[in-house]
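Asker: Pasting a structure here, questions to come.
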């Protein structure tokens, strides 16, 4: 357990507040509405996942990219353009995603306050800058962090750039998040330590395999447990 002052980098979506579960609710309603005549629900969802994977590579993350994927999925499966009435239906299904409110993960505010008394805290989140900033503002958590970084992607280059920009010591820096693909694996590849806190609603595109023998990754069951280790 680290006893000296550490730098703790926190993911935001699905680590500090619930995020993907909101998208999953929209997807459930979308699949009900779509009701494809020949594909079952799992097959239809697989098509949507494929469309999303392609769109985030080009258009990034966030609600606008997600809406584009809903439209594109409809057009691929229907083999015709989305009509005006259908476009309105899709917009209504996703309306809840633009609400300026966040649901904090239990214990987040108290845990950050305690950790901040002993360590330097930073926030590292990816997505549309305006959309992510709205969520940060709504969370009332920004004051816990020495700096906030909103990036287009969280890959090895991002972590190495942040280390250089902030003068971080990799061995004393921990990336804390729920995503193996964005939080854990690239942070480890950049020489940082990591804390994996799984979220049952983590987006399927953020899944990846972690090495159980990697001693540089701390596995915790819930956010509050961070105070037992830092």
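Residue numbers (my numbering): 622 to 851. Cβ coordinates follow ideal geometry from the N, Cα and C atoms, glycine included. Computed from a prediction, not measured in an experiment: that's the story for all the values here.
(1) Leaving out five residues on either side along the sequence, give the residues of the same chain with a beta carbon under 6 Å from the beta carbon of residue 673.
(2) To the nearest angstrom, how far is the alpha carbon of residue 828 from that of residue 645?
(3) Go ahead and pull the three-state DSSP assignment for residue 639.
(4) What's the C-alpha gap between residue 763 and residue 684?
(5) Is it the case that the Cβ atoms of residue 715 and residue 668 are separated by a distance below 7 Å?
(6) Tell me, which residues are paired with residue 798 by DSSP?
(7) Shortest alpha-carbon distance to residue 755 belongs to which of 638, 675, 626, 625?
(8) Using alpha carbons as the reference points, say which of 785, 831, 633 lies closest to residue 752.
(9) Give the secondary structure of residue 724 by DSSP, where H, G and I count as helix, E and B as strand, and everything else as coil.
(10) Consult DSSP for residue 848 and reduce its assignment to one of helix, strand or coil.
(11) From what residue to what residue does the alpha helix (DSSP H) around residue 741 run?
(12) Smallest Cα separation from residue 731: which of 765, 741, 744?
(13) In whole angstroms, give me the CA-to-CA distance for residue 680 and residue 722.
(14) For residue 818, which option in 641, 692, 801, 629 has the closest C-alpha, if you only look at C-alpha atoms?
(15) For a test of the three-state rule: what should DSSP assign to residue 828, helix, strand or coil?
(16) Which partner residues does residue 771 have in the DSSP bridge list?
(17) Just checking my contact of residue 643 with residue 718 at CB under 8 Å: how many whole Å lie between their CB atoms?
(18) Let me check understanding here. Comparing Cα to Cα, which of 727, 810, 844 lies closest to residue 832?
(19) According to DSSP, simplified to helix, strand and coil, what is residue 684?
(20) Mind checking whether residue 710 and residue 702 have CB atoms under 7 Å apart?
(21) Quick check: what's the CA-CA separation for residue 736 versus residue 821?
(22) Might you give, ordered along the chain, the residues of its own chain that have their beta carbon closer than 6 Å to the beta carbon of residue 636, omitting 5 neighbours on each side?
(23) Could you have a look at residue 629 and say whether DSSP puts it in helix, strand or coil?
(24) Where do the ends of the beta strand (DSSP E) carrying residue 839 lie?
Answerer: According to the structure shown:
(1) 690
(2) 15 Å
(3) strand
(4) 22 Å
(5) no
(6) 817
(7) 638
(8) 633
(9) strand
(10) helix
(11) Premise fails: residue 741 lies in the beta strand (DSSP E), 741-747, not in any alpha helix (DSSP H).
(12) 765
(13) 24 Å
(14) 801
(15) coil
(16) 746
(17) 6 Å
(18) 810
(19) helix
(20) no
(21) 24 Å
(22) 798, 799
(23) strand
(24) 838-840
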